[in-house]
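Scroll down for the structure; my scribbles are underneath it.
4 protein chains.
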Amino acid sequence: MIVVMGVDSKNEEIEAVKNKLENVGFKTHLIYGVERIVIGAVGDKRFLPSLSLELMAGVKKIVHIMNPYKLVSKEVKEETIIKVGSATIGGKNLTVIAGPCAVESEDQLMAAARLVKASGATLLRGGAFKPRSSPYSFQGLQEEGLKILKIASHEYDLPIVTEVMNTKTVDLVAEYADVLQIGARNMQNFDLLKEVGHIKKPVIIKRGLCATLEEWLMAAEYVMSEGNYEVILCERGIRTFETATRNTLDLSIIPLIKETSHLPVIVDPSHATGNWKLVAPMAKGSLAVGAHGLMIEVHPNPNEALCDGNQSLTPENFHVLMGDLTKIHNLFH
Amino acid sequence: MIVVMGVDSKNEEIEAVKNKLENVGFKTHLIYGVERIVIGAVGDKRFLPSLSLELMAGVKKIVHIMNPYKLVSKEVKEETIIKVGSATIGGKNLTVIAGPCAVESEDQLMAAARLVKASGATLLRGGAFKPRSSPYSFQGLQEEGLKILKIASHEYDLPIVTEVMNTKTVDLVAEYADVLQIGARNMQNFDLLKEVGHIKKPVIIKRGLCATLEEWLMAAEYVMSEGNYEVILCERGIRTFETATRNTLDLSIIPLIKETSHLPVIVDPSHATGNWKLVAPMAKGSLAVGAHGLMIEVHPNPNEALCDGNQSLTPENFHVLMGDLTKIHNLFH
Amino acid sequence: MIVVMGVDSKNEEIEAVKNKLENVGFKTHLIYGVERIVIGAVGDKRFLPSLSLELMAGVKKIVHIMNPYKLVSKEVKEETIIKVGSATIGGKNLTVIAGPCAVESEDQLMAAARLVKASGATLLRGGAFKPRSSPYSFQGLQEEGLKILKIASHEYDLPIVTEVMNTKTVDLVAEYADVLQIGARNMQNFDLLKEVGHIKKPVIIKRGLCATLEEWLMAAEYVMSEGNYEVILCERGIRTFETATRNTLDLSIIPLIKETSHLPVIVDPSHATGNWKLVAPMAKGSLAVGAHGLMIEVHPNPNEALCDGNQSLTPENFHVLMGDLTKIHNLFH
Amino acid sequence: MIVVMGVDSKNEEIEAVKNKLENVGFKTHLIYGVERIVIGAVGDKRFLPSLSLELMAGVKKIVHIMNPYKLVSKEVKEETIIKVGSATIGGKNLTVIAGPCAVESEDQLMAAARLVKASGATLLRGGAFKPRSSPYSFQGLQEEGLKILKIASHEYDLPIVTEVMNTKTVDLVAEYADVLQIGARNMQNFDLLKEVGHIKKPVIIKRGLCATLEEWLMAAEYVMSEGNYEVILCERGIRTFETATRNTLDLSIIPLIKETSHLPVIVDPSHATGNWKLVAPMAKGSLAVGAHGLMIEVHPNPNEALCDGNQSLTPENFHVLMGDLTKIHNLFH
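Each protein sequence line maps, in turn, to chains V, H, Y and E. Take 1 as the starting number for the first sequence in the numbering used here and just add one per residue. Take 1001 as the starting number for the second sequence in the numbering used here and just add one per residue. Take 2001 as the starting number for the third sequence in the numbering used here and just add one per residue. Take 3001 as the starting number for the fourth sequence in the numbering used here and just add one per residue.
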């Protein structure tokens, strides 16, 4: 930590800051500059109480040198590879999670599972509990949806990814799902993060709509600090001033995550763009920038979908896309 | 709803759109323009399934004319005024909710309560369950904190505002608190919104860091659609590119809410700015633009606070501020 | 400047960084931490060439301690007060610049000038050269507009504020105007900033729609570094994800500027909100947070305005607002 | 255009709106809904004066159906392909513009030109006039830089791309350059856009840091409305809350532009990310999403660059990247 003080700070002000730091175990170093005095403080600040140094006389600002996360960091581990049923996520494996936005019926989901499997998807997605911005919209089939997912999973040997929305239903969802998903709007639902940290199943954490990289990694740190190390990050677009696309897919975060963390990172171009015409190009772009995989909405019949039909691919378009994705993946592996 | 189609759309494409709309009860009107054909659709879309009209041949875009909310709207009610213990929120009343970020001990909270009461605060705030971005930070005294709040509330006749973080603890928090607070990061935790919709106590909904006005109002609609009509909105800053302040306090949303909704709206300048020096000017600005009140962090000794000391006012500064706030309030009431 | 290096950096890597810094005149200080090595570098980096330190082996990141600006800084001067004709801007003076978006005709401008003067405005605004997002929109009366402004200025003893849009017309505009305005979209038109730095008239610099405080102050630094010290900052809203208001008026930047710089700062609520109903509350809020003044659009007949009628006040509404503004100003001065 | 009115609007209010619209040549259509009355107005609004309809009694909001641009639109033309010297931009051609941020000396630029040509670049970039956020930074070699560019262009048969910063120097820059570049900070410098609209050379318009797609296309419309139809769009990252990357490269805008406009669109990953390690992945991603080409900073010796060394590729890294780019391009053409 660096404490920046005015060049006209009094000796007793400087001493007070040094003492406060040294009292909690930091070593301090003093540097006198032309316009500022800098106190370098060496130590581990993660477990310390708030020091409120900004409030001390003479202090201009505090600069943190170290990142606030540890377990997610590349300095701890080179690479995390996660095995779940027939699928392997991370490393050189191409992961494609596909399926409808919501489980609507057994017929719909079985058709979706059969088609995405045939085209090469490695996991099946489908929402049983749906976070909807309106209380008047379809909220999902709930436990019935989970049961249907299980049937499709067995039939087509596809591990299931599905969302868990609150602390009360973590056990229920974990009973059926192979991978639990934390939605973008719950990325900083800290109690939910702790709860899935106790489950022995992989967790996908979608990036919050206005989450910085640091906050997103801290959400993963929450899960890992409770003992669950199988975390997958999923970029799904951030909120910006641009309204021509639903969200702005932040692909440059992908290579940066790969520099910073050992966790696998995938991309959801369907929710990011909200527009099926943009899904294929953005899926291809995601692999070209280095993502470990994709999560893509596919519906047997998008124009009858109960939610998000406009961003769902038809089985035919998904099939063509899978061919292109394989080509790009092969180019660099 | 307005469906915009290309001027070269075929008759059967136009008919297909009209039929889909009429089948679910809309009346349609056709307008032929120079470069576009427009279908106006009259009806209530709130309870309808997704129509996926964008996917139909010839359709260029869909424009929604009506807002997706109803119960929060000024068209339903002129003004909501909420009575809670000795306090009245909304209308011409000046509401000032003050107290420390977190309940740290009985001594700390009793001191805080005594001082804010003496300066004129109308409700007492204090966190028992704390949402922290790091799993390694102080997470609050939990139920013990709630008990301390209750003691202070009785002693100083100040109704309590405290945060509830998950669906499992709604009943526990409601047992002690007079007003439940939904934090910014939980603004779209829809299951939590539904749960507090069943409680018979007022709910403060803080605006999410990247929530639009519409999404914020929809969060209130969630609570109200479950039967709890006592909702208070609290602006606490949004996330922008500006890093000189922690968040950007969006004061222009206050007069806009007062045009749009009947719900009381208050401002939290402490979390928005993260800097105690900006709290007083922004509190004064909040009343000048028309807010019904404020939520302000006050700590008996900010430089020993366990969280957010840098944004907390000293009791002395709070006292001076209350004088200024009263002057501004009197100027316009 | 702080150079952060990995704890496993080799001695020769550390030496290389130290040498590069010392070769250009910095003194260096080395601090060994548990997980990082930090090199503190003392010196004035403003006039140095780019050092590309990030590219050197072992370097993790560079942290700048000093601000890049100097002349605008409060460390140089306590307060700037600008006299222009009958008006004084800065200090305890209340500045209200009012008038129509565009000069449309002599009749229109004379009526506007008469009315705003009668209500207490201290300067007259009016666009002769208009930056319009569409090439098909009204582009202003140009030199004829300047002449009309001059006539009104003489008639009503109101100094003129008007926008200059390009380097070619700086001399022409300066011939007529008392205060030159740099529009938000030209805030980083560096050649234009240099050019107005040679003029002996005050300059208002509107904040760019996505300008950080630092960039905005650097724009002022550009003008001042050419010798023109009479600069006024004008907040006019920034671009965020919120679409319910045209822009998000960032009032918390006002008290922060007053901590950071000696320059006067005013607010333009008309362009920020784009909605006349929000102009009065936001004008009052601006004074309550400490702005030195306001720039407000007033049109004798808004619903016949050639541009931005929707954000213009009627003379009657402006008159009422001036009364409220005076009350708030008096409350704190 | 759609005018939305309250369901309780009086007949004379509705008539007044209809009359105002019909007086300027629109045809109107009235639709009575349950909660709103909608007036559809058919006509071309581009050349009309502002109507200030929002100010009329009963009017709730105005919805624009048509885009404000025309010449840039795909409805006017399928595809623009631009020939400049040995290069062809647009269509199925892969355009790679490479070179240093700034022209620093003849030696530096000749080395850069030789190396990028050898690796397959199709145009040479280099700044002679440099827009710098600090007045104390290197501002470019100006006309001397232009002369050096010309020499390198002849020697290596590479057309030149260089930036023009103000209206006074358009003719000078156009004398030397083959393609003029409008920088991000000048994207809404409307007078400069008009001026380059009179030049008979292609113009690259970089997207402003907070420009919407519509504003960016309107900037192109400005140039084209003056008679210069050879415009190339260049995405270079937008400003968001994320600070881990310098800007957020908005790749999803690329396929959207290709749906909307006939103009070629390229990407500048160097300025967007500010980090050479991210340049290669983002360059590959750009082609995978469908961009017509790239603009990449390459410096013979990045750690001695006078500007932006940290985002420049070494010639070796650029050479490797060109190999990958060719593979991706061939995959889809």
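Note that CB positions come from ideal geometry on N, CA and C, so glycine has one too. All values derive from a computational prediction rather than experimental measurement.
Quick check on DSSP: helix, strand or coil for residue i?
i       : result
E/Q3142 : coil
V/E175  : helix
Y/M2295 : strand
Y/Y2136 : coil
H/V1320 : helix
E/T3080 : coil
H/S1261 : strand
V/Y32   : strand
E/T3326 : helix
Y/I2205 : strand
H/S1105 : coil
E/M3005 : strand
H/S1073 : strand
E/G3274 : coil
E/K3168 : helix
Check this for me: beta carbons of residue i and residue j, under 8 Å apart or not?
i       : j       : result
H/Y1176 : H/L1213 : no
Y/T2240 : H/I1238 : yes
E/V3279 : E/I3296 : yes
E/V3063 : E/V3017 : no
H/G1091 : H/E1079 : yes
E/P3255 : E/G3183 : no
V/D82   : V/E316  : What sits at residue 82 of chain V in the sequence shown is Ile, not Asp. It is not a contact, given that the beta carbons lie outside the stated cut-off.
V/E54   : E/D3250 : no
Y/I2199 : Y/I2089 : no
E/L3172 : E/A3152 : no
Y/I2037 : Y/I2014 : yes
V/P68   : H/S1134 : yes
By Cβ distance, which residues of its chain are closer than 7 Å to residue i, with the 5 residues on each side in sequence left out?
i       : result
E/K3194 : Y3222 and E3226
Y/G2043 : G2025, F2026 and K2027
E/G3085 : P3159 and D3178
E/V3059 : V3003, M3005, V3017 and L3053
V/T248  : G237, I238, T240 and E242
If you drop the 5 nearest sequence neighbours on each side, which residues of the same chain put their C-beta closer than 6 Å to that of residue i?
i       : result
H/H1271 : R1236
H/H1299 : P1100, A1305 and S1312
H/N1186 : L1192
H/C1210 : R1239
H/L1021 : T1028 and A1041
H/T1245 : T1273
E/N3166 : none
Three or more C-beta pairs under 8 Å: does that hold for the segment 2111-2124 of chain Y against the segment 2081-2100 of chain Y?
These segments touch.
Checklist entry - In the segment 207-229 of chain V, which residues sit with their C-beta less than 7 Å from some C-beta in chain H, listed in chain order? => result Interface annotation for the segment 207-229 of chain V against chain H: L209, C210, E215, M218, E221, Y222 and S225, criterion Cβ-Cβ distance under 7 Å.
Which residues, in order along the segment 131-156 of chain V, keep a beta-carbon less than 9 Å from a beta-carbon of chain H? Residues P131, R132, S133, S134, P135, Y136, S137, F138 and Q139.
Can you confirm whether the segment 2140-2150 of chain Y touches the segment 2158-2168 of chain Y when touching is taken to mean that 3 or more C-beta pairs between the two stretches lie within less than 8 Å? Cβ pair count under 8 Å is three or more, so yes.
Report yes or no: do three or more beta-carbon pairs, one from the segment 2245-2265 of chain Y and one from the segment 2221-2234 of chain Y, lie closer than 8 Å? With the rule of 3 Cβ pairs closer than 8 Å, the segment 2245-2265 of chain Y counts as touching the segment 2221-2234 of chain Y.
Self-check item: Touch test, the segment 277-290 of chain V against the segment 3283-3295 of chain E, Cβ-Cβ under 8 Å, three pairs minimum
Solution: Yes: the two stretches touch, three or more of their Cβ pairs being nearer than 8 Å.
Checklist line | Given 8 Å, three or more beta-carbon pairs between the segment 1295-1310 of chain H and the segment 2008-2017 of chain Y | finding: Too few Cβ pairs lie closer than 8 Å, so no.
So does the segment 130-142 of chain V actually touch the segment 100-110 of chain V, counting three or more Cβ pairs closer than 8 Å?
By the criterion of at least three beta-carbon pairs nearer than 8 Å, the segment 130-142 of chain V is in contact with the segment 100-110 of chain V.
Q) Using 8 Å as the threshold, is the segment 2193-2208 of chain Y in touch with the segment 3197-3206 of chain E, meaning 3 or more CB pairs across them? A) Under the Cβ criterion (8 Å, minimum of three pairs), the segment 2193-2208 of chain Y does not count as touching the segment 3197-3206 of chain E.
**Asked** In chain order, what residues of the segment 1001-1024 of chain H put their CB closer than 7 Å to some CB of chain E?
**Response** So the close ones are I1002 and V1004.
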